[in-house]
Structures are given as structure tokens and as C-alpha cells.
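Counted from 1, the sequence shown has number 361 at position 107 by the working numbering; the numbering is strictly sequential. Have a look at the structure below, then the notes.
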Amino acid sequence: MQFTAESLVVVAAACGPPPRCPGCRARARRVHSCYERSLAERPLSGRKLLVRLRVRRFFCDWASCPRRTFVEQVSGLSERYRRSSLGLKTWLRQVELGGRAGERLCRRMHLAAGRTRLLELLEPPTAPERSPRVLGVDEFAFRKGRTYGTILVDVEAGRVVDVLPDRTSETFAAWLRDHPGAEILGSRDSLWHRTVRATR
255 MQFTAESLVV VAAACGPPPR CPGCRARARR VHSCYERSLA ERPLSGRKLL
305 VRLRVRRFFC DWASCPRRTF VEQVSGLSER YRRSSLGLKT WLRQVELGGR
355 AGERLCRRMH LAAGRTRLLE LLEPPTAPER SPRVLGVDEF AFRKGRTYGT
405 ILVDVEAGRV VDVLPDRTSE TFAAWLRDHP GAEILGSRDS LWHRTVRATR
């Protein structure tokens, strides 16, 4: 472990049994190479926590498998292409819909996660059984000053209904036509008023 006034670094190495190839599920037998990953973790005692994890890349010897090599994952800690732990990812999802409030909380917890990072964690929601009666509408930036989207929330159920790829009234109007049933809409801006004009 390495300590500073603001951070804690944990150095670890994966040492479990050879994993199965994610492509063909055959168990690996040969190590290709090793390398170090850096995973942001949930803060500990007011300090940033970083896990420097040494992992192994394995050969897949199954002739018909399209994968030649793959990297082991540590259950409950890591997943492919992520620079944060599964625990941190779960924690961030609990604050993601806070928008700027969630961003401020992350800053206080010494987490490098702005609004865009939090919104990226939104998974495509499953289709609801019925259209929400009370629909909340808000705009957000995928990339500030460049790319904007629209988030739709079922206010009564307290869950995300959909994330639209832009903030145009035409896209929102098309969504409303495909999902009739909303009786009350709440929005912080003029999107709803522009949509009313677009659907007349």
C-alpha cells in the first residue's frame, strides 16, 4: 500500500486459477503476458482509492475460437475496458441522476466523475409495461457545448424511461407519438412548449 495525504494506492495481483475464455468457454492453459491495470475504487476515509492490479493475458488454444488471447477479470472487481471497479460503478449509478448535485457529491468524495461520466453509466432501460402518466423531461450534455440529449423519467415510479439521442422537439414529439398515455409533463425548459408547437 502507498499512502499520501489525499490518496491510497493498493497494489495487488490476480492469482486465481486459469480462467475460461469468454469466447468459447474453454479453460486457458498458457499465459501470454502480464500487465498492470489502474482501477479507481470507492473512497476510503476521505481519501481517493486506486487499485493497481496486475493481471494476466492468456492464450486460447481452442482452434475454432476467434479469440487468440484474452485478459483475466477479477470477480466483483474488474470488467473489460473499465478504469473503475465494479463497486465504484455501482455506487456512481446511485448518484447518476442527481446531475449537478451528483457531480458535487463526487467532487467532495474525491471522485473524478462529472455529469457526463455519470450519464454514461445509464444503461438502456427495459421497455416499461405502460407509458408513464407523469413524465419528467430534462436536457443534458453528452459533451458540453457540442452534443446534447434528453432524459425522460417516470416521476411516479422514480425510474428512467428513456434517453433520447438529441434535444430536438421533433425527436421528443416522435417519442410521445410512439408512447401515448402521458397526462402530466414536467420540464425545466422550453422543450415541452416547442414540442406542443411541433405536434400541432
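Beta carbons are placed, not taken as given, at the ideal position from N, Cα and C, and that holds for glycine.
Would you identify the three-state DSSP class for residue i, choosing helix, strand or coil?
i, result
"P382", "For P382, the pLDDT reaches just 49, beneath the cut-off of 50, and the residue's location in the model is therefore unreliable, although a value from the coordinates is still provided. It is coil, neither helix nor strand."
"E260", "coil"
"S299", "coil"
"V285", "strand"
"L331", "coil"
"D315", "coil"
"R291", "strand"
"A280", "coil"
"R431", "helix"
"M255", "coil"
Which two residues bound the contiguous beta strand (DSSP E) that contains residue i?
i, result
"A395", "388 to 397"
"S441", "438 to 441"
"V407", "401 to 408"
Can you give the beta carbon distance from residue i to residue j, rounded, assuming they're within the 8 Å contact cut?
i, j, result
"V388", "V409", "4 Å"
"L304", "A294", "6 Å"
"S292", "R337", "7 Å"
Over the uninterrupted alpha helix (DSSP H) stretch that includes residue i, give me the two end residues.
i, result
"T422", "Looking at the DSSP string, T422 is not in any alpha helix (DSSP H), and its letter there is neither H nor E."
Is it the case that the Cβ atoms of residue i and residue j are separated by a distance below 9 Å?
i, j, result
"R322", "T258", "no"
"E290", "R306", "yes"
"F396", "G403", "yes"
"F313", "P273", "no"
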